[in-house]
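In our numbering, the protein residues as written are 1240 to 1339.
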């Protein structure tokens, strides 16, 4: 499975870029497939590695269903890269989705 990368600066976060979390969370009843991850806040080395790789202060990883739904809502989030599931951070946090 491929994940789509969004890197946000703290300025973008302060300006409301995390609104996608509310939009997607509201849609979980309709689509339980939605998954958005971020690097665990406790994995400092991994946070630095992904920040260096993709830029931004906070990096999110959207699965296809989450990316498609957020685009459908007209969000202006910029997907900057795609990575395979095997390259997701080992220590990650489920931001939107139902835990397995």
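Yeah, the Cβ is synthetic: ideal placement off N, Cα and C, and Gly gets one too. On a predicted model such as this, the values are computed, not experimentally measured, just so you know.
query                                                                                                                                                        : result
For the beta strand (DSSP E) containing residue 1331, list its first residue and its last residue.                                                           : 1331–1335
Only counting runs of 4 or more residues, tell me where the alpha helix (DSSP H) segments fall wholly within the region 1275–1326, in order along the chain. : 1283–1293, 1303–1311
Assuming residue 1308 contacts residue 1266 (C-beta within less than 8 Å), just tell me the rounded distance between them.                                   : 6 Å
Excluding sequence positions up to five away, which residues of its chain have a Cβ less than 6 Å from the Cβ of residue 1256?                               : 1247
Residue 1270: buried (16+ other C-beta within 10 angstroms of its C-beta) or exposed?                                                                        : exposed
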